[in-house]
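When we follow this note's numbering, the leftmost residue of the sequence shown carries the number 1, and every step to the right adds one. What follows is a set of notes on a single structure, which appears directly below.
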Amino acid sequence: MVENTHVLVVDDEEVVREGCRRVLGKGYEIFTAENGKQALDILAEKSVDIMLLDLKMPVMGGKEVLEKTRESYPDIPVIVITGHGTVDTAVECMKQGAYDFITKPFQIDQFRITVERAADKRRLELKAKQFEAENIRNLYDLNLEKSRLRTIINRMANGVMVTNRNLEVVLHNPALMRLMEISEKPKSPVPIRDIIKDKDLVDTLKKLLSGETPDEESISQEIQLQKNTLRALSAPTVDPDRAIAGTVTVLEDITAFKQLDQMKSDFVNMVAHELRSPLVAIRQINSVLLEGLAGPLEEKQQGFVERGMNKIDSLLSLINDLLDIAKLEAGKFVQHQVPTDIGNIIEDIVALMEPRAQKRGIILTHFLKDLKPVQADPKKIEEIFNNLISNAINYSPEGGQVTVSARGLGEYMEIRVEDTGVGITQEELPKIFDKFYRVKHPKTRQVVGTGLGLAIVKGVVDAHQGSIHVESVPDAGTTFKVLLPVIDTRG
Ligand SMILES: Nc1ncnc2c1ncn2[C@@H]1O[C@H](COP(=O)(O)OP(=O)(O)OP(=O)(O)O)[C@@H](O)[C@H]1O
Ligand SMILES: [Mg+2]
């Protein structure tokens, strides 16, 4: 809704006052005053946009009113009303700050135009004022926000580093200086090399600046200082035109966490080792019993010993998994790599798994195409497909289908293990390669496992400079895709 323009008409002649009211009509609200004193009272009380002011009045003359109005209400445009032949006075009033003048008797059109122009001026001025006030408020808010952000960044335990697009550090916090063991406060902007010595991190930032990575993506990496290990999380920043403006890196000290992890791994490794030898001994004794070398067993006794054997075997397999993980983490798992034929391995494992699949009414098939040898540790490659295929069988309902296919694809062998099982939700997917992670699914609750299988698979694939990807649709099926580099035969 457009507000009415408030016009104060100051004139001792009633005809003039009423005339103004009639002529202006819609869109205007008129206040009237018979003399200067009344006019000033109204100005003090009401919000007036424009004043029409007669010069010749009793009590207080127009000139004095003009003077006072200019003094106290400089924003209100004043239009003076003069009689014929007193143009000189009008001009003088203009010099004193009146906005315009009209002469009596009024030319109606002229009168309207003059008042409208004053109303426009008044509106524009008000708008400009509003903008200015808004600007000041925005600036204030912005500064407040900036100061809050500063305080947060300066008090953070994590190091924060912001660069511009020339890879100069334009913002850093005390935590960063502490983590980087820099005692002198550097000037801003600082060349990156004065703060970050780690080449990999600098390369990451360069990559982010080149725009190769999508801007929602952040890159996580560990950097090793003399004593400490840090985790750096870096992401590009973009300006309002979506152009890359620089980078932000947050650094966290994970030294204590790393030490704890190492202690835990050492401990698990030690315990597993200590458990394995007596278990192997017990197994041997049991197999002596089963083979009847210690005298024939009754059927019942045979049954108990067999059940004991099964438990020992699953315990041994868990212990072996734990030891594998420990070796993988120490980088000592995949050591003997030889030219290996993936096709043979897959055929063997499929044959081995066939009875398990059949028992569950699952059809297990395999396809091999354009096979090429890979440089690998065959025993460890077996572990990859052992785990993937047994998962595919375990996490598929009866009557499902599991397909294993291997084919040469340029410099890689691509091996897919596809199933028509329960699938994995999008949220769970990133976690399934974590140690001990198992998805809670009502249909697979009865499957026993420790959640180490895929952690080992990932470790073995990485140790072969390969990669593993998984795609899954809940209730439809899952596909694991492994890429392993083939031996370069071009010499
Ligand atoms: N093909 C698959 N379909 C559906 N879910 C799967 C599939 N493969 C793995 N998962 C899910 O990922 C989890 C982790 O798998 P992983 O092989 O690491 O452990 P596990 O099978 O539970 O135990 P184990 O260490 O004995 O292999 C599983 O518990 C399961 O929930
Ligand atoms: Mg498994």
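A virtual CB, placed ideally from N, CA and C, is assigned to each residue, including glycine.
Distance from the C-beta of residue 453 to the nearest heavy atom of ligand 2 is below 7 Å. If you check the C-beta of residue 473 against ligand 1, you find no heavy atom less than 7 Å away. The region 411-418 makes contact with the region 471-486, as at least three CB pairs between them are under 8 Å. In this structure, the straight-line span from the alpha carbon of residue 315 to that of residue 463 is close to 26 Å. If you keep only unbroken beta strand (DSSP E) runs of at least 3 residues inside the region 26-72, you get 28-33, 50-54. If you ignore the 5 residues before and after residue 87, its C-beta comes within less than 7 Å of no other C-beta in its own chain. Within the model, the alpha-carbon separation for residue 296 versus residue 289 is close to 8 Å.
Annotation: the continuous alpha helix (DSSP H) that includes residue 133 extends over 108-155. With respect to residue 416, residue 365 sits apart: the two C-beta atoms are not nearer than 8 Å. Contact check between the region 190-204 and the region 157-170: three or more CB pairs, one atom from each, fall below 8 Å, which counts as touching. CA-to-CA, the gap between residue 455 and residue 141 works out to about 49 Å. In this structure the region 150-160 does not touch the region 129-138; the number of beta carbon pairs closer than 8 Å is below three.
Residue 459 is a Cβ neighbour of residue 333, given a cutoff of 8 Å.
Excluding sequence positions up to five before and after residue 432, its CB lies within less than 6 Å of the CB of 454, all in the same chain and listed in chain order. Counted as a single uninterrupted DSSP element, the alpha helix (DSSP H) harbouring residue 177 occupies residues 174-179.
Counting along the chain, residue 477 sits inside the beta strand (DSSP E) bounded by residues 477-485. In this structure, residue 79 and residue 99 form a Cβ contact; the two beta carbons are roughly 6 Å apart against a cut-off of 8 Å. Here residue 274 is exposed: its Cβ has fewer than 16 other Cβ atoms, across all protein chains shown, within 10 Å.
Taking non-hydrogen atoms of ligand 2 into account, the C-beta of residue 390 is found less than 7 Å away from one of them. Under the three-state reduction of DSSP, residue 236 is assigned to strand. Pairwise C-beta distances place the region 301-314 out of contact with the region 264-272, as fewer than three of them are shorter than 8 Å. At least one heavy atom of ligand 2 is found less than 7 Å from the C-beta of residue 387. Its chain contains 405, 406, 407, 408 as the residues whose beta carbon lies nearer than 8 Å to that of residue 369, once the 5 sequence neighbours on both sides are disregarded; these appear in chain order. In the structure shown, residue 331 falls within a coil segment according to DSSP collapsed to helix, strand and coil. With respect to residue 247, residue 235 sits close: the two C-beta atoms are nearer than 8 Å. In terms of side-chain proximity, the C-beta atom of residue 338 is found no nearer than 7 Å to any non-hydrogen atom of ligand 1. Taking all protein chains in view, the Cβ of residue 6 is crowded by 16 or more other Cβ atoms within 10 Å, so the residue is classified as buried. Here residue 243 is not near residue 237, since their CB atoms are 8 Å or more apart. Under the three-state reduction of DSSP, residue 426 is assigned to coil, being neither helix nor strand. Contact annotation: residue 253 and residue 179 have beta-carbon atoms nearer than 8 Å. Going by beta carbons, residue 342 and residue 371 fall inside the 8 Å limit.
Looking at the DSSP output, residue 367 bridges to 405.
Restricting attention to 256, 202, 209, 203, the CA atom closest to the CA of residue 228 is found in 256. Relative to ligand 1, the beta carbon of residue 421 is positioned inside 7 Å of a heavy atom. Boundaries around residue 257 are those of the alpha helix (DSSP H), 255-290, since no beta strand (DSSP E) includes it. Here DSSP, grouped into helix, strand and coil, assigns residue 433 to coil.
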